[in-house]
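Heads up: the structure comes next, in structure tokens.
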Amino acid sequence: MKIDLSTRKTMNENAARYYEESKTQRAKADGVRKAIADTQRRLSELEEKIERRKAELLVQQQRPVKLRREKKWHEKFHHFTTSDGFLVVAGGDAKQNETLVAHHLEPADLFMHAEIHGAPATIIKDGQNAPERSLLEAAQFSASYSSAWKNELAAVDVYAVKPDQVSKTSHGEFVPKGGFMISGERQWFKHTKLGLRLGIGEEGVPFAEPESKNSSPTILLQPGGTKEKGELAKELAKK
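According to this note's numbering, the sequence shown is numbered sequentially starting from 94.
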């Protein structure tokens, strides 16, 4: 190894200079070693994160994909299917009553309504072919969503007519929104008892059916209870 000595300095001064330079070089070497160690540590941590993320992605890929079910038109209304397989749909307010009659009441259906102010327009799809059991279930469903429930009535009269007996026009009479004029003979279901059964259907969605269907869901509900239908449905959905 070649050592340069200054002729202007004594041997001790030259030795002291080389000693200081050697300390500087050792300090630089220590800094380089520390930087290398830090880089290796960070690379190791990054590799661990990458492996964890790979594992998470693998688990996600192995999970079954739940496809969002497309809702059917009647699911925005009160609805149920009778014991004989007939779809019954009832409006939740005046606007829905109008929509039901204007867009979903067809010639083979039956229109049903409780004989009380504040009752939903109710449609039994293909109801003119429905047996008595389905008509009774639909009548109870229609009655249970009327104002008779809030008034804590045990029963109310319900009638059914064909679509061509339902109209929005009258001879000089005012027909309010959600209301309809009924002409001709009506089929009566006198003293229809109010009662619903609440339960949880597919995908955890609460449902309500007439008590008379007797499908044994979770809760039997009748007028005069401490909780409204909507409150109980929300509680069921949380369970």
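Ideal placement from N, C-alpha and C gives every residue a C-beta, glycine not left out.
Own chain, CB closer than 6 Å to residue i, minus 5 neighbours either side, in chain order
i	result
H284	A248
E281	Strictly speaking, residue 281 in this sequence is Trp, with Glu absent from that position. Excluding sequence neighbours, W281 sits near Y252.
P224	D177
L150	none
Whether residue i touches residue j by CB criterion (8 Å)
i	j	result
Y238	A183	yes
S235	I209	no
Q258	G288	no
I217	V194	no
P299	L291	yes
A201	N222	yes
A187	G294	no
F179	D219	yes
V254	F204	yes
E245	G317	yes
Rounded Cβ spacing between residue i and residue j (contact assumed at less than 8 Å)
i	j	result
E199	P256	7 Å
F273	A214	7 Å
Q233	K165	Between K165 and Q233 the Cβ distance is about 23 Å, and since that is not below 8 Å, they are no contact.
Proximity winner among the options, relative to residue i (alpha-carbon distances)
i	options	result
G277	K270, D250, S260, E302	S260
V185	R161, G211, H196, H197	Here residue 185 turns out to be Gly, not Val, going by the sequence shown. Ranking R161, G211, H196, H197 by Cα distance to G185 puts G211 first.
A301	P224, I143, F173	F173
R156	R162, E163, A148	A148
Own chain, CB closer than 7 Å to residue i, minus 5 neighbours either side, in chain order
i	result
S176	R226, S227, E230, K306
W242	L287, P316
I275	V254, Q258, V259
A130	none
C-beta neighbour in chain D for residue i, strict 8 Å
i	result
V251	Within the model displayed, chain D is absent; a lone protein chain is all it includes.
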